[in-house]
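Colleague:
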Amino acid sequence: LFRFVFACVVLTAFLIAFAIAVSVLDKGEEAWSLKNYDDIIWPVVMQDPQPFDETRPPDKETMLKASLWELAMERKNISDVWNEEQKLVLPKNDVESVGAKLFGKEQDFGGLDRNNSDFYKFDNSKNTFLVEPVSGTDGFLPHTINACHEGDDVILKVGYVSPQNQFNNKMNSTFENKIEKYAKYRLKKNVNTGNFYVLSVS
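According to our numbering, the sequence shown is numbered sequentially starting from 1337.
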């Protein structure tokens, strides 16, 4: 009887320990997944877009700036993409390809090349965008609160973190406590690439 009771106690302790370990691993996996979603939507969140969906797409300027930012972040550490004025040189075709990756459809940013801004200018002779080296502190940062599946789509509850609220005066992160507002992002998987793109924001 003693051996039986002892064996039951040991087994129960093992099961409890196993359950705790699985729970910790699940939480770690969840946090890792949410961070991945942040990386996907970050260029879009930065633009603070108006609500959009398949029938009401975002305006072209929003899509252009998001695409420029995504490509600039991808190539910022490549030395030969900087010109003598220390601006990133991004070919228009590459920017439009990134736009397709972010928003799920082929993009044509023709016409917007005349809308020069503090962020970018367009070199018509070389068909390239010239992007100023900016820190990104002017745009919101995403903090995905939770994610759930709806069919093949992923629905995210996303907190918008204001740039001035990312750090305290000692430069310690205050990220989680400074969410200004929330939005719902719907991500759809591109059947050709297997990557998620932003289908709608509400």
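Yeah, the Cβ is synthetic: ideal placement off N, Cα and C, and Gly gets one too. Here the structure is a predicted model, which means the values were calculated and not measured.
1) Cutting at 6 Å between CB atoms, please list the residues of its own chain near Ser-1538, excluding the five before and the five after it.
2) Please state whether the Cβ-Cβ distance between Leu-1541 and Tyr-1533 is less than 8 Å.
3) Where do the ends of the alpha helix (DSSP H) carrying Thr-1398 lie?
4) Got a sec: is the Cβ-Cβ distance from Ser-1538 to anything in chain B below 8 Å?
5) Are Phe-1455 and Glu-1442 close, meaning C-beta to C-beta below 8 Å?
6) Span of the alpha helix (DSSP H) holding Lys-1437?
7) Grab the span of the beta strand (DSSP E) containing Lys-1493 for me, first residue to last.
8) Looking only at its own chain, which residues have a Cβ that is under 6 Å from the Cβ of Leu-1535, when we skip the five neighbours before and after it?
9) State buried or exposed for Thr-1541, treating a residue as buried only when at least 16 other CB atoms are found within 10 Å of its CB.
10) What residue range does the beta strand (DSSP E) around Asn-1482 cover?
11) Rounded to whole angstroms, what's the CA-CA distance from Glu-1421 to Ile-1414? Just pull it up for me.
12) Could you compute how far the alpha carbon of Lys-1423 sits from the alpha carbon of Ile-1377?
13) Return the residue from the list Ile-1515, Gly-1495, Val-1490 and Asn-1482 that minimises the CA-CA distance to Asn-1531.
14) Tell me which same chain residues have a C-beta within less than 7 Å of the C-beta of Leu-1370, skipping the five on either side of it?
15) Are the beta-carbon atoms of Val-1381 and Tyr-1496 separated by less than 8 Å?
16) Cβ-heavy atom distance between Trp-1418 and the ligand HEM below 7 Å?
17) Please list, in chain order, all residues of the same chain as Glu-1432 whose beta carbon is under 8 Å from its beta carbon, the five residues on each side excluded.
18) From Pro-1499 to Asp-1459, what does the alpha carbon distance come to, in whole angstroms?
19) Just how far apart, CA to CA, sit Lys-1462 and Tyr-1518?
Modeller: Reading off the structure:
1) Within the sequence shown, residue 1538 is the residue found at index 202, counting from 1. Pro-1387 and Lys-1520.
2) No answer is possible for residue 1541: the residues shown for the chain start at 1337 and end at 1538.
3) Numbered from its first residue, the sequence shown carries residue 1398 at position 62. Thr-1398 -> alpha helix (DSSP H) spans 1396–1411.
4) The question asks about chain B, but that chain is absent: this structure has only one protein chain.
5) Against the sequence shown, residue 1455 aligns to sequence position 119. Against the sequence shown, residue 1442 aligns to sequence position 106. Going by C-beta atoms, Phe-1455 is not nearer than 8 Å to Glu-1442.
6) Residue 1437 sits at position 101 when you count from the first residue of the sequence shown. 1428–1439 is the span of the alpha helix (DSSP H), which, as asked, contains Lys-1437.
7) Position 157 of the sequence shown, counted from the start, is the residue given in the question as residue 1493. Residues 1489–1497.
8) Position 199 of the sequence shown, counted from the first residue, corresponds to residue 1535. If we look at Leu-1535 and ignore the five residues flanking it on each side, its Cβ neighbours are Arg-1522 and Lys-1524.
9) Residue 1541 is absent from the model: the chain starts at 1337 and stops at 1538.
10) Along the sequence shown, read from residue 1 onward, the residue named residue 1482 stands at position 146. Residues 1477–1486.
11) Numbered from 1 along the sequence shown, position 85 holds the residue referred to as residue 1421. Numbered from 1 along the sequence shown, position 78 holds the residue referred to as residue 1414. Glu-1421 and Ile-1414: Cα-Cα distance of roughly 15 Å.
12) The residue given as residue 1423 occupies position 87 in the sequence shown. The residue given as residue 1377 occupies position 41 in the sequence shown. Going by the C-alpha atoms only, they are around 24 Å apart.
13) Along the sequence shown, one-based indexing puts residue 1531 at 195. The shortest C-alpha separation from Asn-1531 is found at Val-1490.
14) Along the sequence shown, one-based indexing puts residue 1370 at 34. Excluding positions up to five away in sequence, the list reads Thr-1480 and Ala-1483.
15) Taking the first residue of the sequence shown as 1, we reach residue 1381 at position 45. Taking the first residue of the sequence shown as 1, we reach residue 1496 at position 160. For Val-1381 and Tyr-1496, yes; Cβs fall inside 8 Å.
16) Summarising the ligand content, the structure contains no ligands, and the ligand HEM is consequently not present.
17) On the sequence shown, position 96 is the one that residue 1432 refers to. Result list for Glu-1432: Ser-1403, Glu-1442, Gln-1443, Asp-1444 and Phe-1445, in chain order.
18) Taking the sequence shown and counting its residues from 1, the one referred to as residue 1499 is at position 163. Taking the sequence shown and counting its residues from 1, the one referred to as residue 1459 is at position 123. Going from the Cα of Pro-1499 to the Cα of Asp-1459 covers about 30 Å.
19) Taking the first residue of the sequence shown as 1, we reach residue 1462 at position 126. Taking the first residue of the sequence shown as 1, we reach residue 1518 at position 182. Using only the alpha carbons, I get a separation of about 40 Å.
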